[in-house]
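Remarks on the structure that follows.
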Amino acid sequence: MKTLLTACLFSLALALTSSAQSPAPPQASPPGAPPAVNPGAPAAASPPAAAPANPAAPAQLPTASLPPGAPPVPPPPGAATSPAATVTATLSPAPTEAPAKPSGLSSNFLIDNFRKGGPIMWPILIVSIIGLTVVIERIFWWGGRWFRRDPKRIEKVFTAIENGDVAEASRLSRGSRDPVLRMMWNGLNHQHASLQGALQVAAGIEIKRAGRFLVVMDTLVTLAPLLGLLGTITGLIRSFSFLGNEELAVQAVTGGIAEALIATACGLGIAIFSLVPFNFFTSRVSNLEFELQTAATNLEVMLGAQSAEREMAIAGPAAVSGKGSSI
Numbered sequence: 630m631k632t633l634l635t636a637c638l639f640s641l642a643l644a645l646t647s648s649a650q651s652p653a654p655p656q657a658s659p660p661g662a663p664p665a666v667n668p669g670a671p672a673a674a675s676p677p678a679a680a681p682a683n684p685a686a687p688a689q690l691p692t693a694s695l696p697p698g699a700p701p702v703p704p705p706p707g708a709a710t711s712p713a714a715t716v717t718a719t720l721s722p723a724p725t726e727a728p729a730k731p732s733g734l735s736s737n738f739l740i741d742n743f744r745k746g747g748p749i750m751w752p753i754l755i756v757s758i759i760g761l762t763v764v765i766e767r768i769f770w771w772g773g774r775w776f777r778r779d780p781k782r783i784e785k786v787f788t789a790i791e792n793g794d795v796a797e798a799s800r801l802s803r804g805s806r807d808p809v810l811r812m813m814w815n816g817l818n819h820q821h822a823s824l825q826g827a828l829q830v831a832a833g834i835e836i837k838r839a840g841r842f843l844v845v846m847d848t849l850v851t852l853a854p855l856l857g858l859l860g861t862i863t864g865l866i867r868s869f870s871f872l873g874n875e876e877l878a879v880q881a882v883t884g885g886i887a888e889a890l891i892a893t894a895c896g897l898g899i900a901i902f903s904l905v906p907f908n909f910f911t912s913r914v915s916n917l918e919f920e921l922q923t924a925a926t927n928l929e930v931m932l933g934a935q936s937a938e939r940e941m942a943i944a945g946p947a948a949v950s951g952k953g954s955s956i
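Structure representation (structure tokens):
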């Protein structure tokens, strides 16, 4: 995987370097324009073409090569101008200045849309940061809980309770990071007072830890679309407030509509982003609650069976001794 990633990055860098070093394509000259002349290169002498002398025609002056964009030299008084030269000078384009490139800050797509979204984008930004922080924190928490699970030790605890060794079961569940084992340890160490009450308190603590920040995520899922709707209303109010001025009407109306649409899109995007993790974490909390209830019920049933067996074992000799005394 690392080799593939390195190869992709190297290919991308090579492509960018080659595109940056590629020469610019030559500019096409308009039809009828004279070929471009390099000012630094010496002019090649061409032999004069043989032409029949016309005594009636006026004398023509030799034309010198001019650099591109230079104004044509006017002919001296009394000299005749060629129609082809006039057309060529007229069709040759004048050099234009290259447009200034925008800076990196103004050309950033996210920053531009954030500015166009209006003042409502600041609370939307705060909501998005809080939602992202909560999602990352819950991902790390549930990932750590996945590694803290110890189903084999849970089976050993139930086996020890089934064999009647409550002390061994308490020793196995002590110091574990598994929430089920922590609940079972709390119940085993407080069964003399109230086993059911101890299990309920321990299960409630574990469920509260698992459901932390779910209320925040639920609030963000509801709040983000409302902020987007508020941005829509403020953008439309801004658009309609400029309708009286004909000079600024088009630009102001389009700016207000862009503000409304950007705010709505950001609010809906944050709500969608928070809704999927919220439902996932809610389902994980429900699964943990079911596991805790199942383990607590099994523990109560097994300990109740052990207590019933001990009572029967104690009541058996007493009944036998009572019959013997009555006889």
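Per my numbering, numbering of the sequence shown is gapless, rising by one per residue and ending at 956. Every residue gets a Cβ at the ideal spot worked out from N, C-alpha and C, and that includes glycine. Because the structure is a prediction, the values reported are computed rather than measured.
My assumption, with CB atoms under 8 Å, is that residue i sits in contact with residue j. Please give the rounded CB distance.
i: A832; j: L921; result: 4 Å
i: A889; j: L865; result: 6 Å
i: V845; j: V763; result: 6 Å
i: A925; j: G816; result: 7 Å
i: S823; j: M813; result: Their Cβ separation, rounded to whole angstroms, is 15 Å, which puts S823 and M813 out of contact at 8 Å.
i: T807; j: R778; result: In the sequence as presented, Thr is not what sits at residue 807; that position holds Asp. Contact flag correct, Cβ pair sits at about 6 Å.
i: I783; j: V809; result: 6 Å
Output the distance between the C-alpha atoms of residue i and residue j, rounded to the nearest integer angstrom.
i: M901; j: Q829; result: At residue 901 the sequence reads Ile, which differs from the Met that was named. Approximately 35 Å between the Cα atoms of the pair.
i: L897; j: L932; result: 52 Å
i: R913; j: L849; result: 19 Å
i: N908; j: L859; result: 26 Å
i: L747; j: L843; result: Leu is not the amino acid found at residue 747; the sequence shown has Gly there. Roughly 30 Å between the two C-alpha positions.
i: F910; j: E835; result: 14 Å
i: L761; j: A887; result: 26 Å
i: G840; j: S870; result: 47 Å
i: L856; j: V882; result: 21 Å
i: F776; j: M941; result: 43 Å
i: G757; j: S868; result: What sits at residue 757 in the sequence shown is Ser, not Gly. Going by the C-alpha atoms only, they are around 27 Å apart.
i: M750; j: T851; result: 16 Å
i: W770; j: Q820; result: 30 Å
i: N927; j: D847; result: 34 Å
i: R939; j: P780; result: 29 Å
Looking at the secondary structure, which residues open and close the alpha helix (DSSP H) in which residue i lies?
i: S870; result: L843 to S870
i: R778; result: Here R778 belongs to no alpha helix (DSSP H), and DSSP marks it neither H nor E.
i: R803; result: R803 -> no alpha helix (DSSP H), and no H or E assigned at all.
i: G833; result: Q820 to A839
i: I749; result: Run containing I749: none; DSSP gives neither H nor E here.
i: D741; result: F738 to K745
Using the beta-carbon count (16 or more within 10 Å), is residue i buried or exposed?
i: R811; result: buried
i: V786; result: buried
i: N792; result: exposed
i: A713; result: Model confidence at A713 stands at a pLDDT of 45, short of 50, so the residue's coordinates are unreliable; what they give is reported in the following sentence. Under this definition A713 is an exposed residue.
i: T861; result: buried
i: S903; result: buried
i: G772; result: exposed
i: R767; result: buried
i: A798; result: buried
i: G885; result: buried
i: I943; result: exposed
i: A827; result: buried
i: L720; result: Below a pLDDT of 50, predicted positions are generally treated as unreliable, and L720, at 43, falls in that range; no measurement from the model is reported.
i: P654; result: Confidence in P654 is poor, its pLDDT being 44 and thus under 50, which makes the residue's placement too unreliable to answer from.
i: P684; result: Residue confidence is low: P684 scores 43 on pLDDT, short of 50, so the model does not pin down where it sits. No coordinate-derived value is stated.
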